[in-house]
Amino acid sequence: MQTRLVKLLTLSISALTLSACVIVTPDINVQHDLDTHIFTKSESTPKNIIMIVADGMGPAYTTAYRYYADDPNTPEIDATIFDQWHVGNASTYPATISGVVTDSAASATALASGIKSYNGAIGMDVNKQPVTTVLHRAKVKGMKTGLAVTSQIVHATPAAYVAHNESRQNYNAIADSFFDDRINGEHKVDVMLGGGTDYFIRDDRDIRQLFVDQGYQYIDSYAQLSSLTNDAGALGLFAPVGLPWALDDIDPSRLRTMAQTATRILENNQGYFLLLEASQVDWAGHGRDINSAMAEMQDLHLMLEWLVEYQAQHPDTLVVLTADHSTGGLTLAANGEYRWEPASLHAITTSVTAMIKHLVNSADEPTKRLAYIKAQLGFELTQADQDAVLAMDMNAKSRSLEDVIKRIIDRKTNTGWTTWGHTAVDVQVFAVGPGAERFAGHQDNTDIAKRIFELLD
Numbered sequence: 014m015q016t017r018l019v020k021l022l023t024l025s026i027s028a029l030t031l032s033a034c035v036i037v038t039p040d041i042n043v044q045h046d047l048d049t050h051i052f053t054k055s056e057s058t059p060k061n062i063i064m065i066v067a068d069g070m071g072p073a074y075t076t077a078y079r080y081y082a083d084d085p086n087t088p089e090i091d092a093t094i095f096d097q098w099h100v101g102n103a104s105t106y107p108a109t110i111s112g113v114v115t116d117s118a119a120s121a122t123a124l125a126s127g128i129k130s131y132n133g134a135i136g137m138d139v140n141k142q143p144v145t146t147v148l149h150r151a152k153v154k155g156m157k158t159g160l161a162v163t164s165q166i167v168h169a170t171p172a173a174y175v176a177h178n179e180s181r182q183n184y185n186a187i188a189d190s191f192f193d194d195r196i197n198g199e200h201k202v203d204v205m206l207g208g209g210t211d212y213f214i215r216d217d218r219d220i221r222q223l224f225v226d227q228g229y230q231y232i233d234s235y236a237q238l239s240s241l242t243n244d245a246g247a248l249g250l251f252a253p254v255g256l257p258w259a260l261d262d263i264d265p266s267r268l269r270t271m272a273q274t275a276t277r278i279l280e281n282n283q284g285y286f287l288l289l290e291a292s293q294v295d296w297a298g299h300g301r302d303i304n305s306a307m308a309e310m311q312d313l314h315l316m317l318e319w320l321v322e323y324q325a326q327h328p329d330t331l332v333v334l335t336a337d338h339s340t341g342g343l344t345l346a347a348n349g350e351y352r353w354e355p356a357s358l359h360a361i362t363t364s365v366t367a368m369i370k371h372l373v374n375s376a377d378e379p380t381k382r383l384a385y386i387k388a389q390l391g392f393e394l395t396q397a398d399q400d401a402v403l404a405m406d407m408n409a410k411s412r413s414l415e416d417v418i419k420r421i422i423d424r425k426t427n428t429g430w431t432t433w434g435h436t437a438v439d440v441q442v443f444a445v446g447p448g449a450e451r452f453a454g455h456q457d458n459t460d461i462a463k464r465i466f467e468l469l470d
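The structure is reproduced here in structure tokens:
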């Protein structure tokens, strides 16, 4: 699969002089051919900007995905789009008041506005004053704006680009601001796709209906995406909170599906700004769930494969991808063993969350429970692993039950974790298209927003 992808990349670039830009000297913008590594001059400003945040995706995740997606029938390790588009790195620390480990809200505020803030802040500085974001600036300039995420659309990252609130936990108030706050009399976001019906359809207020009354199209299933037209705004909410894990969703490539629809609706003569978020890479990291982590990375990469073609066909589109932080302290090769073996993950087509839900609902006796887990994992369990499954207390909390299965998968793949939370490591920056050279080298996360502001202005 990856060999075929690299060939596709090369053909697309050769035909349309696609650029994945890096900087060599301050006065030379260059174009990076993904196959030959030949650099040529490129000077232009983007019409469209697609900003992608892979929540929680530290460097270990992109490395892990390279090994996970590699074709075992070839001797070389195949490159991924992450390898091809990598141009730099970024520090992620929040405002001093919160130390050096950021949460998603502070980091998203920095990525969106270029201003450091405290952990938990949504579009506000340390003094709890609203800040202008790149999405706001794009709207002021007459561009269309959109977001498509796999979390609820009022979660920390999308919220920080759109709203202003002192706490990321105030989901209802953030949902209210999506409708109430305007720029030049217009709603801030033209296209909104993701989860979150719980926050938009409430007993105290039906924000969904308010948007419909304002002329927005509303849908609640992926099947309806094709019905959306570009002559009106669109609100698509596909789950009560976040979307299901990619492993369990009816559309395992839902980020690509939503991105395709969002770009189709947003395309116009004035250009657009689109935020995309692979939200649940982070959730997998918090859960120390390598199985779901790689499935979420696959969902992201499938979307990037499509973006390769889209950007080639729309060379005036800049794509920037980064993470807000790294989650879980993912380690590829644990316990002093020099091995990491992700191949067995490909046979696991159900999330651990779904496995445990099935076991709790079925109330199977221990031997049937063990047979079910064996069938779901698709590999031989050690005697210790079997004993752990047989000893599971089905009255325990779901997270404790999930941990039993996750540890079995970790032992099989030799995956390690250092934390249930975030870490302070730098993250990678990826870019392609006009202006991509501005994101080369080491930078702070605030610099990403500052450079997007420069391109918008």
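Here my numbering is used: the first residue of the sequence shown is 14, the next is one more, and so on.
Glycine residues also receive a C-beta, built at the ideal position from the N, C-alpha and C atoms.
Within the continuous alpha helix (DSSP H) that includes residue i, where are the two ends?
| i | result |
| --- | --- |
| Phe-213 | 210 to 213 |
| Thr-274 | 267 to 279 |
| His-371 | 365 to 375 |
| Asn-1 | As shown, the chain starts at 14 and ends at 470. That puts residue 1 outside it, with no answer to give. |
| Leu-414 | 411 to 426 |
| Ala-67 | No alpha helix (DSSP H) contains Ala-67, which is instead part of the beta strand (DSSP E) from 61 to 67. |
| Leu-390 | 379 to 390 |
Given a threshold of 16 other Cβ atoms within 10 Å of its Cβ, counted over all protein chains shown, does residue i qualify as buried or as exposed?
| i | result |
| --- | --- |
| His-455 | exposed |
| Arg-267 | buried |
| Glu-350 | exposed |
| Ser-8 | Because the chain spans 14 through 470 in this model, residue 8 falls outside it and cannot be assessed. |
| Gln-283 | exposed |
| Trp-433 | exposed |
| Val-202 | buried |
| Leu-47 | Per-residue confidence for Leu-47 stands at a pLDDT of 33, beneath the threshold of 50, marking its modelled position as unreliable; the derived number appears in the next sentence. The residue in question, Leu-47, is buried, as its Cβ has 16 or more Cβ neighbours within 10 Å. |
| Leu-289 | buried |
| Thr-38 | Legend: pLDDT at Thr-38 = 27, less than 50; position of this residue unreliable, no value from coordinates given. |
| Glu-378 | exposed |
| Met-407 | exposed |
| Arg-451 | buried |
| Ile-110 | exposed |
| Pro-253 | exposed |
| Pro-88 | exposed |
| Ala-397 | exposed |
| Ile-11 | Outside the shown range of the chain (14 to 470) lies residue 11, about which nothing can therefore be said. |
How far does the beta strand (DSSP E) with residue i in it extend, from its first residue to its last?
| i | result |
| --- | --- |
| Tyr-285 | 285 to 291 |
| Phe-443 | 440 to 445 |
| Ile-110 | Ile-110 -> no beta strand (DSSP E), and no H or E assigned at all. |
| Leu-334 | 330 to 335 |
| Ala-247 | 247 to 250 |
Just to confirm, is the Cβ distance from residue i to residue j under 8 Å?
| i | j | result |
| --- | --- | --- |
| Thr-105 | Val-332 | no |
| Ile-62 | Phe-251 | no |
| Ala-186 | Ala-118 | no |
| Trp-319 | Arg-269 | yes |
| Gly-207 | Thr-459 | no |
| Thr-145 | Ala-134 | no |
| Ser-411 | Ile-369 | yes |
| Thr-366 | Glu-322 | no |
| Ala-297 | Gly-429 | no |
What is the DSSP secondary structure of residue i, reduced to helix, strand or coil?
| i | result |
| --- | --- |
| Lys-157 | strand |
| Gly-207 | strand |
| Ser-357 | helix |
| Ile-232 | strand |
| Asn-458 | helix |
| Glu-322 | helix |
| Ile-128 | coil |
| Gln-165 | strand |
| Glu-199 | strand |
| Ile-135 | strand |
| Trp-435 | One point to set straight first is that residue 435 is His, not Trp, in the sequence displayed. Three-state DSSP puts His-435 in a strand. |
| Asp-406 | coil |
| Leu-47 | In this prediction, Leu-47 scores a pLDDT of 33, lower than 50, which makes its location untrustworthy; the coordinate-derived value is nonetheless stated afterwards. Reduced to three states, the DSSP call for Leu-47 is coil. |
| Asn-178 | strand |
| Thr-145 | coil |
| Gly-298 | helix |
| Leu-468 | helix |
| Leu-345 | strand |
| Thr-58 | coil |
| Thr-340 | strand |
| Asp-189 | helix |
| Arg-17 | Summary for Arg-17: the model assigns pLDDT 43, below 50, so the residue's position carries little reliability, and this model does not support an answer. |
| Asp-194 | coil |
What distance in whole Å lies between the Cβ atoms of residue j and residue i, which are believed to be in contact at a cut-off of 8 Å?
| i | j | result |
| --- | --- | --- |
| Lys-152 | Glu-199 | 7 Å |
| Val-66 | Asp-337 | 6 Å |
| Gln-165 | Gly-255 | 5 Å |
| Arg-150 | Leu-345 | No, Arg-150 and Leu-345 are not in contact; Cβ-Cβ is about 39 Å, not under 8 Å. |
| Ala-356 | Pro-59 | About 39 Å; that fails the 8 Å criterion. |
| Leu-238 | Gly-246 | Contact flag wrong, Cβ pair sits at about 14 Å. |
| Ile-220 | Asp-244 | Not a contact, Cβ separation roughly 22 Å. |
Please confirm whether any heavy atom of the ligand SAH lies closer than 7 Å to the CB of residue i.
| i | result |
| --- | --- |
| Lys-463 | Because no ligand of any kind appears in the structure shown, any question about the ligand SAH cannot be addressed here. |
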